[in-house]
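Colleague: Please see the structure below; I have some questions.
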Amino acid sequence: MNARSLALTAAMTGIIAALGIMPPIPAPMIPVPITLQAAGPILAGMLLGPRRGTASVLLLLVLAAIGLPVLTGGRGGLGVFAGPTVGYLVGYVIAAYVTGLIVQFARARVAARARARSEKQVKRGEAFRELLWYILAGAVGVLIMYVTGTVGMVLILRMEWVAAFVANGIFVPFDAVKAVLAAMIARGVHRVMPDLFENAKQSSAKAPALAAPAPMATSARSRLAHGSGLAQESKLAQESKLAHENKQAQESGQKHGSGQKHENGQAQ
0 MNARSLALTA AMTGIIAALG IMPPIPAPMI PVPITLQAAG PILAGMLLGP
50 RRGTASVLLL LVLAAIGLPV LTGGRGGLGV FAGPTVGYLV GYVIAAYVTG
100 LIVQFARARV AARARARSEK QVKRGEAFRE LLWYILAGAV GVLIMYVTGT
150 VGMVLILRME WVAAFVANGI FVPFDAVKAV LAAMIARGVH RVMPDLFENA
200 KQSSAKAPAL AAPAPMATSA RSRLAHGSGL AQESKLAQES KLAHENKQAQ
250 ESGQKHGSGQ KHENGQAQ
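The sequence shown runs contiguously to residue 267 in numbering that gives the first Met the number 0.
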């Protein structure tokens, strides 16, 4: 990663940690609370892409592992990875990566259509479809957390598979709202800062770099042609000057010769 990527990753980690400041809401039936922080990994993947988004979540978990209170409720330390929420923490990482991949696909798809139509801006209908892709990415991220969270509860709490998965239904209304809000925020930020998503700036910079030699070559050819034209004009001017001087010399010689003949005739 370059310095910019590191800065964005660290900033996103801070945002996810800040989302954990909101007190958790206890959920019935299971010892897993409803948290706002669960929207952080989804937002990270949408905003920064699969790699940088995942890196920001991994950094958050590393900070939690060394004891910093960066998780919801001010939790931290290795103990959180042995609790019933460990499955959801693992899901944070996977959700960030998969969410970023889906958004990456959606952005590439919309950009390809825009290039095919030779348009600088995407039409309103295509922008709405892109937003739907963002929402789909958020929904997939939430589903991933449910799956990994179910596995965690089965392993830690010894719950039945069906009961553990059904228990996630408590989170559905809240997570649906969080997924839609994350999609709208990410889509809005990308409209203002389109190069925030990974590889966006690099790919946009490649086109001018590839196109740059053409103007340079054209300019070189123009200078070469201009120089050749000047050389040819100079050569023609020299030839014309020499021809004019030769003509004057011939006329002068003819006049001098006729003058001598005239003088000789008078002398005779």
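Using N, Cα and C, we set each Cβ at its ideal position, and we do this for glycine too.
Let me know the secondary structure DSSP gives R157 once reduced to three states.
Modeller: DSSP places R157 in coil when its eight states are reduced to three.
Colleague: To the nearest angstrom, how far is the alpha carbon of I15 from that of R114?
Modeller: Approximately 35 angstroms, taken between the alpha carbons.
Colleague: Just list the residues that DSSP pairs R74 with in beta bridges.
Modeller: DSSP lists L70 as partners of R74.
Colleague: Is W132 closer than 8 angstroms to A107 when the C-beta atoms are compared?
Modeller: It is not a contact, given that the beta carbons lie outside the stated cut-off.
Colleague: In terms of alpha-carbon separation, which member of V109, G76, A136 lies closest to L96?
Modeller: A small fix is needed here, since residue 96 is Tyr in this sequence, not Leu. Considering only alpha carbons, the answer is A136.
Colleague: Just to confirm, is the Cβ distance from L88 to V188 under 8 angstroms?
Modeller: Against a cut-off of 8 angstroms, the Cβ pair of V188 and L88 comes out as no contact.
Colleague: Who are the near neighbours of A54 in its chain, counting only those whose CB is closer than 7 angstroms to its CB and skipping five residues on each side?
Modeller: Taken in chain order, the residues that qualify are T8.
Colleague: So, is P193 buried or exposed, given that buried needs 16 or more other C-beta atoms within 10 angstroms?
Modeller: Exposed, since its Cβ has fewer than 16 Cβ neighbours within 10 Å.
Colleague: Identify whether I143 lies in helix, strand or coil by the three-state DSSP scheme.
Modeller: Here I143 sits in helix by DSSP.
Colleague: Establish whether the CB of P30 and some CB of chain B are separated by less than 8 angstroms.
Modeller: The question asks about chain B, but that chain is absent: this structure has only one protein chain.
Colleague: Measuring alpha carbon to alpha carbon, tell me which residue in M0, I143, Q36 is nearest T12.
Modeller: The shortest Cα separation from T12 among M0, I143, Q36 belongs to Q36.
Colleague: Ignore the nearest five residues each way along the sequence and tell me which others in G19's own chain have a CB closer than 6 angstroms to its CB.
Modeller: If we look at G19 and ignore the five residues flanking it on each side, its Cβ neighbours are Q36, L70, T71.
Colleague: Output the boundary residues of the alpha helix (DSSP H) element that contains I184.
Modeller: Looking at the DSSP string, the run of the alpha helix (DSSP H) that includes I184 is 171-191.
Colleague: Relative to the C-alpha of I29, which residue among G151, E244, G78 is closest?
Modeller: Minimum Cα distance to I29 is reached at G151.
Colleague: For F170, count the other beta carbons within 10 Å of its own beta carbon; 16 or more makes it buried, fewer makes it exposed. Which is it?
Modeller: Under this definition F170 is a buried residue.
Colleague: What does I33 pair with, by DSSP beta-bridge criteria?
Modeller: I33 is bridged to I24.
Colleague: Can you give me the C-alpha to C-alpha distance between M21 and I33, rounded to a whole angstrom?
Modeller: If you take the alpha carbons of M21 and I33, they lie about 10 angstroms apart.
Colleague: Express the C-alpha separation of V161 and L42 in angstroms, rounding to a whole number.
Modeller: If I take the Cα positions, the gap works out to 29 angstroms.
Colleague: Nearest-angstrom Cα distance between A6 and L59?
Modeller: Cα-Cα distance, rounded: 14 angstroms.
Colleague: Around the C-beta of G168, are 16 or more other C-beta atoms found within 10 angstroms, so that it is buried, or is it exposed?
Modeller: When all chains shown are included, G168 counts as exposed.
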